[in-house]
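Engineer: Pasting in a structure now, in structure tokens, and then I'll have a few things to ask.
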Amino acid sequence: MEDFVFKSTLAQCKVVTEKTSYLEINTYTDPRLNSIAENGLSDAEIKDFLLQKGEFAKPTLPSGVAKPASLRLIVQKQAKHVETFKPRVLSMPPDTYHMMLKTFHLPMQAIETTTCVGPFIWSVLREINGEQYLQIIYRKSDVRKKGRTRGWELIMSHNISTSNTTGFYKGTDNTSLPAALEHLKASAAEIMHPILFPIIVFTQEALLNHELSQRGAREWLRRLEHAISFREGIDEREAYVHDGHVNLDVVNRDLGECQAQALWNSSTALLRILTSMKKTMESFHERIPEDKRSESLLCFHERMLARLDLYEMKFQALDTYAKTTAKRLEVQRGSLANVIAQKESKLNFQLAGEQRILAHASKSDSTAMKSLSLLGAIFIPGAYLASIMSTSFFNFYSAPSITSVVTPRFWIFWAINLPVTLLVVGLWYLWERQRLKRHEVFDRLLDQGVDAEKMEGDILSKMRKGTVTRASTWDGPSRAAAQSGTSFRQ
477 MEDFVFKSTL AQCKVVTEKT SYLEINTYTD PRLNSIAENG LSDAEIKDFL
527 LQKGEFAKPT LPSGVAKPAS LRLIVQKQAK HVETFKPRVL SMPPDTYHMM
577 LKTFHLPMQA IETTTCVGPF IWSVLREING EQYLQIIYRK SDVRKKGRTR
627 GWELIMSHNI STSNTTGFYK GTDNTSLPAA LEHLKASAAE IMHPILFPII
677 VFTQEALLNH ELSQRGAREW LRRLEHAISF REGIDEREAY VHDGHVNLDV
727 VNRDLGECQA QALWNSSTAL LRILTSMKKT MESFHERIPE DKRSESLLCF
777 HERMLARLDL YEMKFQALDT YAKTTAKRLE VQRGSLANVI AQKESKLNFQ
827 LAGEQRILAH ASKSDSTAMK SLSLLGAIFI PGAYLASIMS TSFFNFYSAP
877 SITSVVTPRF WIFWAINLPV TLLVVGLWYL WERQRLKRHE VFDRLLDQGV
927 DAEKMEGDIL SKMRKGTVTR ASTWDGPSRA AAQSGTSFRQ
């Protein structure tokens with residue numbers, strides 16, 4: 477099954493090119509012969525290095541000298557290709573990659589882990605050609621930034637019988653790969669332990685950067701708390717304050733960024749890595765051959781266990797620290813939402829005031845229209861009745877004198893016109909008086925003006941009535957204890 481999965485996955489992989497080098501560390505019973513070699517490798521030289529041919533052939537040792545431990549790595553540091561850590565991507569030809577896994581006795585499952593997310597570690601004890609090998613895969617390569625993949629991977633195999641370690645180590649230029657290799661070379665005398673290099677990588681990649689990131693997030697949170705709560709003493713030079721006012725848009729944006737930084741590199745995932753390393757060390761300790769159980773190896777094993785315990789306690793504390801930061805960020809997000817809601821409420825009050833002003837202006841316009849309507853009410857009846865003058869009440873053509881133009885029945889015109897006019901004006905006056913009474917209260921409030929802040933305060937006071945009996949501000953443990961004692965006495 478494993479061969480089929482490996483071959484089918486290998487056929488799906490894309491190949492990119494990266495610069496390759498090697499690191500070889502050999503320790504001997506004669507310390508003067510200890511060697512550390514590091515140099516570049518061409519495509520043709522990779523096969524010679526794997527098979528230890530040509531210039532990479534095993535040296536002839538003097539009589540009585542043995543090689544208790546060695547480490548041979550193929551390294552691709554500062555990987556440049558933008559897709560070098562993309563899933564199903566290899567950084568060497570498929571046949572070379574297959575040969576490396578076979579010759580170095582590396583786990584074939586490594587090709588299946590190119591899609592893994594987060595920090596990932598896996599180990600297994602496997603018997604190959606009658607010898608026990610401890611195989612380890614340790615990687616983190618799920619980050620893509622500015623269109624480029626970022627990460628690192630370590631594939632190792634340790635021969636428990638001979639203490640020979642082989643592996644493949646690759647990382648982009650933003651990782652701590654060079655520092656990890658320097659640390660490994662400085663610890664050359666301890667390469668007989670298979671967990672040495674994974675612990676070095678863990679120390680360089682996770683420990684320092686993670687702690688500094690959480691400290692930075694907590695300091696960022698404190699600045700956000702000062703800005704959101706409008707505390708005294710806010711530095712005017714901070715980005716959140718401009719001309720004495722807090723920029724809530726920037727605060728809201730930074731709340732999200734700060735929370736992302738607090739959640740970056742989960743301590744829970746790193747604690748699982750440490751637990752897996754401990755299990756790997758226990759499995760290795762149980763299978764150390766008797767001829768390899770030297771005092772130096774066992775002592776180093778105990779020191780590494782103690783270091784893992786130290787890291788575990790640090791990350792447990794860091795996990796609590798990060799969770800506290802996340803909870804405080806949630807509190808500040810809720811506070812910011814309340815501040816924004818209050819500002820929106822004030823804005824609504826201001827808009828209501830502006831609408832009242834517009835209503836008052838509309839009322840003035842309607843008054844002018846009413847005046848015109850009044851004039852119309854006065855003259856329209858007369859105009860209507862004037863049309864009657866064109867009838868037989870008046871004779872302007874055949875009358876012998878001006879006095880005879882008006883018929884003796886002209887009094888009928890006045891008898892009708894005056895009552896109708898008075899009736900129309902009276903009805904309008906009564907209607908207008910009733911309308912003024914209905915709007916008298918509103919007009920009085922409009923003349924006095926509306927205090928939006930006072931109205932808002934009255935509303936909030938009614939909402940709080942019966943739930944808050946007195947104002948209380950946190951002023952340290954002593955003040956809190958005093959207030960608590962007072963409440964109990966009451």
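Each residue of the sequence shown is one higher than the one before, counting from 477 in the numbering used here. Glycine residues also receive a C-beta, built at the ideal position from the N, C-alpha and C atoms. On a predicted model such as this, the values are computed, not experimentally measured, just so you know.
#1: Determine the burial state of Glu681: buried for a count of at least 16 other Cβ atoms within 10 Å of its Cβ, exposed for fewer.
#2: Over what stretch of residues does the alpha helix (DSSP H) that includes Asp506 continue unbroken?
#3: What number of angstroms, rounded off, separates the C-alpha of His581 from the C-alpha of Met780?
#4: Pull up the distance between the alpha-carbon of Thr943 and that of Leu697, whole angstroms please.
#5: What residues are listed by DSSP as bridge partners for Gln611?
#6: Taking buried to mean at least 16 other C-beta atoms within 10 Å of its own C-beta, is Arg602 buried or exposed?
#7: Can you find the residues in the same chain that come closer than 8 Å, C-beta to C-beta, to Thr945, ignoring five residues on each side of it along the sequence?
#8: Decide yes or no for the touch test of the stretch 525–545 against the stretch 557–568: beta carbon pairs closer than 8 Å, at least 3 of them.
#9: Alpha carbon to alpha carbon, how far is Val677 from Val541?
#10: For the beta strand (DSSP E) that contains Phe644, what are its first and last residues?
#11: Find out if the Cβ-Cβ distance for the pair Phe525, Met668 is shorter than 9 Å.
#12: Tell me which residues share the same chain as Lys616 and place their Cβ nearer than 6 Å to its Cβ, disregarding the 5 neighbours each side in the sequence.
#13: Report the three-state DSSP secondary structure of Tyr498 (helix, strand or coil).
#14: Quick one: residues in its chain with C-beta nearer than 7 Å to the C-beta of Ile704, no 5 flanking neighbours on either side, listed in chain order?
#15: Between Ser663 and Leu653, which are expected to be in contact by the criterion C-beta below 8 Å, what is the C-beta distance as a whole number of angstroms?
#16: Hey, could you find the ends of the alpha helix (DSSP H) Val474 is sitting in?
#17: By DSSP, does Gln490 sit in helix, in strand, or in coil?
#18: Given that a residue counts as buried once 16 or more other Cβ atoms are within 10 Å of its Cβ, and exposed if not, what is Val491?
#19: How close, in whole Å, do the beta carbons of Glu500 and Ala513 come, if the pair is a contact with beta carbons under 8 Å?
#20: Nearest to Ile636 by CA position, among Glu820, Ser484, Val600 and Leu630, is which residue?
#21: Grouping DSSP H, G and I as helix and E and B as strand, with all else coil, what is Phe480?
#22: Is it true that the CB of Ile550 sits closer than 9 Å to the CB of Tyr609?
#23: Assign Gln552 to buried or exposed, taking buried as 16 or more other Cβ atoms, counted over all protein chains shown, within 10 Å of its Cβ.
#24: Figure out for me which residue from Leu657, Ile854 and Ile675 has the closest Cα to the Cα of Tyr614.
#25: Could you work out which residue in Lys803, Gln528, Thr651 and Met632 is closest to Leu577 when comparing CA atoms only?
#26: Give me the Cα-Cα distance between Gln585 and Ile749, rounded to the nearest whole angstrom.
#27: Taking only three categories from DSSP, how would you classify Thr485?
#28: Less than 8 Å between the CB atoms is what I'm expecting for Thr641 and Leu547, so what's the real figure, rounded?
#29: Between the alpha carbons of Gly732 and Ile604, how many angstroms are there, rounded?
#30: Where does Thr625 sit, in a helix, a strand or coil, going by DSSP?
#31: Distance check for Tyr797 and Ala738, CA to CA, integer angstroms please.
#32: Within the continuous alpha helix (DSSP H) that includes Leu537, where are the two ends?
#33: Can you give the beta carbon distance from Thr505 to Ala545, rounded, assuming they're within the 8 Å contact cut?
#34: State the CB to CB distance for the pair Thr496 and Met568, rounded to an integer number of angstroms; the pair is presumed to be in contact (CB under 8 Å).
#35: Between which two residues does the beta strand (DSSP E) containing Ile749 stretch?
Structural biologist: Reading it off the structure:
#1: Burial call: buried.
#2: Going by DSSP, Asp506 is part of no alpha helix (DSSP H) at all; its letter is neither H nor E.
#3: Here the alpha carbons of Met780 and His581 stand approximately 25 Å from one another.
#4: In this prediction, Thr943 scores a pLDDT of 42, lower than 50, which makes its location untrustworthy; no coordinate-derived value is stated.
#5: Looking at the DSSP assignment, Gln611 forms a beta bridge with Val600 and Ser633.
#6: Exposed is the label assigned to Arg602, since fewer than 16 other Cβ atoms lie within 10 Å of its Cβ.
#7: Bear in mind that the predicted position of Thr945 carries a pLDDT of just 40, short of 50, making it too unreliable to give a figure here.
#8: Contact fails: fewer than three Cβ-Cβ distances are below 8 Å.
#9: One C-alpha to the other measures close to 31 Å.
#10: For Phe644, the enclosing beta strand (DSSP E) covers residues Asn640 to Thr648.
#11: In this structure, Phe525 sits away from Met668, with a CB-CB distance that is not shorter than 9 Å.
#12: Same-chain partners within the cutoff: Pro595 and Gly627.
#13: Tyr498 falls in the strand class under three-state DSSP.
#14: Around Ile704: Val727, Gln808, Ser811, Leu812 and Val815.
#15: Cβ atoms of Ser663 and Leu653 stay farther apart than 8 Å, at about 16 Å.
#16: Residue 474 is absent from the structure shown; the chain starts at 477 and stops at 966.
#17: A quick correction: the sequence has Lys, not Gln, at residue 490. Strand, per DSSP.
#18: Val491 is exposed by the Cβ-count criterion.
#19: Cβ-Cβ separation between Glu500 and Ala513: approximately 5 Å, consistent with a contact (criterion under 8 Å).
#20: Taking only the C-alpha atoms, the option nearest Ile636 is Val600.
#21: Helix, per DSSP.
#22: Not in contact: Tyr609 and Ile550 (Cβ atoms no closer than 9 Å).
#23: Counting Cβ neighbours within 10 Å, Gln552 comes out buried, since at least 16 surround it.
#24: Looking at the Cα atoms, Ile675 is the closest of the given residues.
#25: The residue with the shortest Cα to Cα distance from Leu577 is Met632.
#26: If I take the Cα positions, the gap works out to 18 Å.
#27: Three-state result, Thr485: helix.
#28: Indeed they touch by this definition, with Cβ atoms about 4 Å apart.
#29: Looking at the two C-alpha atoms, the distance is approximately 51 Å.
#30: It is a strand residue.
#31: Per the coordinates, the alpha-carbon of Ala738 lies some 9 Å from the alpha-carbon of Tyr797.
#32: Here Leu537 belongs to no alpha helix (DSSP H), and DSSP marks it neither H nor E.
#33: With a Cβ gap of about 11 Å, Thr505 and Ala545 do not count as contacting.
#34: Contact flag correct, Cβ pair sits at about 7 Å.
#35: Taken as a continuous stretch (DSSP letters only), Ile749 belongs to no beta strand (DSSP E), being part of the alpha helix (DSSP H) at Ser743 to Glu762.
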